[in-house]
Amino acid sequence: MSLTTTEYNSLLREYEQRRLEGEKELHRRKEEVVRAIPAIAEIDEQLVHGSVTAAKLALTGNTSALDALARTNEWLIRQKKQLLTGAGYPADYLEPHYTCPHCKDTGVVILRSADGTTAQRPCTCFRRAIIERYYMEDGLRKRLEKENFATFNLGYYSDRRIDESTGQTYRAIAEAALRDAKSFTEAFGSSYNNLLISGFSGVGKTFLANCIAGNLLSRGYTVLYLSAFRLFEIFEHYRFGDRDLSKQASMDFDNILDCDLLIVDDLGTEMSNTYTTSQLFVCLEERDREKKSTLITTNLTMDDLSKRYSERIASRLFLFRYIKLFADDIRVQQIL
Ligand SMILES: [Zn+2]
Numbered sequence: 001m002s003l004t005t006t007e008y009n010s011l012l013r014e015y016e017q018r019r020l021e022g023e024k025e026l027h028r029r030k031e032e033v034v035r036a037i038p039a040i041a042e043i044d045e046q047l048v049h050g051s052v053t054a055a056k057l058a059l060t061g062n063t064s065a066l067d068a069l070a071r072t073n074e075w076l077i078r079q080k081k082q083l084l085t086g087a088g089y090p091a092d093y094l095e096p097h098y099t100c101p102h103c104k105d106t107g108v109v110i111l112r113s114a115d116g117t118t119a120q121r122p123c124t125c126f127r128r129a130i131i132e133r134y135y136m137e138d139g140l141r142k143r144l145e146k147e148n149f150a151t152f153n154l155g156y157y158s159d160r161r162i163d164e165s166t167g168q169t170y171r172a173i174a175e176a177a178l179r180d181a182k183s184f185t186e187a188f189g190s191s192y193n194n195l196l197i198s199g200f201s202g203v204g205k206t207f208l209a210n211c212i213a214g215n216l217l218s219r220g221y222t223v224l225y226l227s228a229f230r231l232f233e234i235f236e237h238y239r240f241g242d243r244d245l246s247k248q249a250s251m252d253f254d255n256i257l258d259c260d261l262l263i264v265d266d267l268g269t270e271m272s273n274t275y276t277t278s279q280l281f282v283c284l285e286e287r288d289r290e291k292k293s294t295l296i297t298t299n300l301t302m303d304d305l306s307k308r309y310s311e312r313i314a315s316r317l318f319l320f321r322y323i324k325l326f327a328d329d330i331r332v333q334q335i336l
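FYI, the numbering for the sequence shown is 1 to 336, going by my numbering.
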């Protein structure tokens, strides 16, 4: 559950290992191809020779000879591709195959700003690896396999029971909730939205949140899933923890602000105080400023939320897209 420097370094070593294996594998493919198509080795030699000649020509400023050489090189590269595919190899067989093309398996991307300055940032794949490794318990991983949009069962929502405030059946409300959750998921990344899923225990709130989480994770987004209890625990450690704990909590806190989707499960079940509640506001405010989505599930009604938390938190939550679910406790239905 926690990320120490040792673990962080071990992740870096894994990336290094992945790059080395990639290079070894590329070398192996090159040898294999040269054995099968010796003409490719000759083309490679001509290409190397060409690049030496190009360097010399560049010094003399002979641009017409340089152009001619560039055309020859292009022709050689085309020839090489034709030989390769003609022998039944994929066209990219001699290119490096990266697990992550964005960072070329280094875990780092270099951002260039308009004024020409550069900055290094952890690649999304690296952030995701950290989050998956240190926050996703095995139990949750298994649950995401079982709880997804394909397995969401509307049969648990009665088509006879009616919610009096809307006059709609539980089934109709669940159908609308499922549509909303799907549209939230599909639009993720192109439009900014937050989601509040409310309802009593056992109506499928966490299930619906898991559907969204699993879909986004499979599309490469960083999703951080925390029970409200754990979230507030991190807030608490961030302030009061001993030095190591605070360092950890500060890293946790960065991830809470930084992940693409933050899921807070069962808001209202945590032990909170004025300080942790104010941290919740900081977190919501900061994520909103960065246009990063938050999904909250809760047993509490809007009324309860404004009573329990500060007015400024409640007013933030009122802006969330609101999904409400009604059902006779699904866990009980499953047992019956
Ligand atoms: Zn990457």
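Where a beta carbon is used, it is the ideal one built from N, C-alpha and C, also for glycine.
For clarity, every value in this text was computed on a predicted model and none was experimentally measured.
Taking just the CA atoms, how far does residue j sit from residue i?
i	j	result
TYR156	ALA213	21 angstroms
TYR275	ASN210	29 angstroms
ALA91	LEU26	14 angstroms
GLU32	GLU45	17 angstroms
ALA249	ALA70	55 angstroms
TYR322	SER198	8 angstroms
ASN62	HIS49	17 angstroms
ARG13	LEU20	10 angstroms
ARG171	GLU164	14 angstroms
Cα-Cα, which of the options is closest to residue i?
i	options	result
ASP67	ASP303, SER51 and TYR275	SER51
TYR192	GLU147, SER198, ASP260 and ILE162	ASP260
GLN17	GLU45, ASP105, HIS97 and LYS80	ASP105
ASP328	PHE184, GLU270, ASP159 and SER246	ASP159
MET302	PHE320, GLU285 and ARG289	PHE320
SER278	ILE296, ASP252 and GLU236	GLU236
VAL282	THR298, GLU270, ASP254 and THR269	ASP254
GLY86	ILE37, LYS146 and LYS56	ILE37
LEU47	LYS56, THR118, GLY61 and TRP75	TRP75
ARG179	GLU270, SER165, ALA150 and TYR98	ALA150
ALA176	MET251, GLN120 and PHE152	PHE152
ARG219	THR117, GLY202, SER246 and ALA187	ALA187
ARG308	MET271, GLN333, LEU284 and PHE126	MET271
Do residue j and residue i come within 8 angstroms of each other at the CB atom, strictly closer than that value?
i	j	result
ALA314	LEU305	yes
ASP266	SER227	yes
LEU94	LYS30	yes
ILE122	VAL108	Here residue 122 is Pro; the residue named in the question, Ile, does not match the sequence. Yes. Within cutoff.
VAL264	ILE296	yes
GLY167	LEU325	no
LEU262	THR298	no
LEU196	LEU280	no
LEU231	VAL223	no
PHE207	GLU147	yes
LEU257	ILE130	no
ILE330	GLY202	yes
With hydrogens ignored, establish whether the beta-carbon of residue i is closer than 7 angstroms to any heavy atom of ligand 2.
i	result
LEU319	Ligand 2 is not part of the structure shown, which contains ligand 1 as its ligands.
Exercise for the section: Output the residue ranges of the alpha helix (DSSP H) runs that lie fully inside the stretch 222–269 and measure 4 residues or longer, sorted by chain position. Expected result: 228–240 and 243–258
Problem - Chain-ordered list of residues that sit, by beta carbon, closer than 5 angstroms to a heavy atom of ligand 1 - result: CYS100, HIS102, CYS103, CYS123 and CYS125
Exercise for the section: Run through the stretch 160–194 for me and flag every whole alpha helix (DSSP H) of 4 or more residues, listed as ranges in chain order. Expected result: 170–187
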